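Numbers 1 to 143, taken from full-length UniProt numbering, label the letters of the sequence shown in order.
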Amino acid sequence: MQLIEWAQTNQSWIIEDDYDSEFQFDSRPFRSMQGLAAESGNADKMIYIGSMSKVMFNSLRIGYMVVPPHMVQLCLEIKDALSGDTPALVQAALADFISEGTLVRHIRKMRRLYEQKYRQVRQSIQASFGSDWHVVCKGRVCM
């Protein structure tokens, strides 16, 4: 909240790149700054970026942005200039995947699988190194 207040006071933008919130295992997912700013009426200088690459597969190459309404056209023009069009068939297939609820089921399944792998890695590290180690996640010790 302090960063959001600072950005408002200084007329600065915050670009929030949320590439992995679906796969946090040591705590509940952090709330997005964009969502917090929207609740307090301060989302006019917030850009929220996400990608389907981590949730689906890397070669899908589809991302998304949540921007203030006055930025939509500019963002579309920049995206088209940098990477060209995303094939309509791929977008339509992903839209169906989302609207049918399949994406939510897929994320749940992958969360279970990745969390199991995450726990196995933690146990293996613990067995090999005992308590002489720790992993830092998002600026805090999480293992």
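The C-beta atom is built at its ideal place from N, Cα and C for all residues, glycine as well. None of these values were measured; they are calculated from a predicted model.
Applying the 10 Å Cβ sphere with the 16-neighbour rule, what's the burial state of Ala-37? buried
From which residue to which residue does the beta strand (DSSP E) around Ile-47 run? 46 to 51
For Ile-78, report the span of its alpha helix (DSSP H) as first-last. 72 to 83
State the beta-bridge partners of Gly-35 as determined by DSSP. DSSP output for Gly-35 lists no bridge partner at all.
So, with DSSP's three-state summary, where would you put Asp-96? helix
Beta-carbon contacts of Met-46 that lie in its chain and below 6 Å, excluding the five residues immediately before and after: Ile-14, Gln-34, Ala-37
List the endpoints of the continuous alpha helix (DSSP H) containing Tyr-118. 102 to 129
Within the continuous beta strand (DSSP E) that includes Ile-15, where are the two ends? 14 to 18
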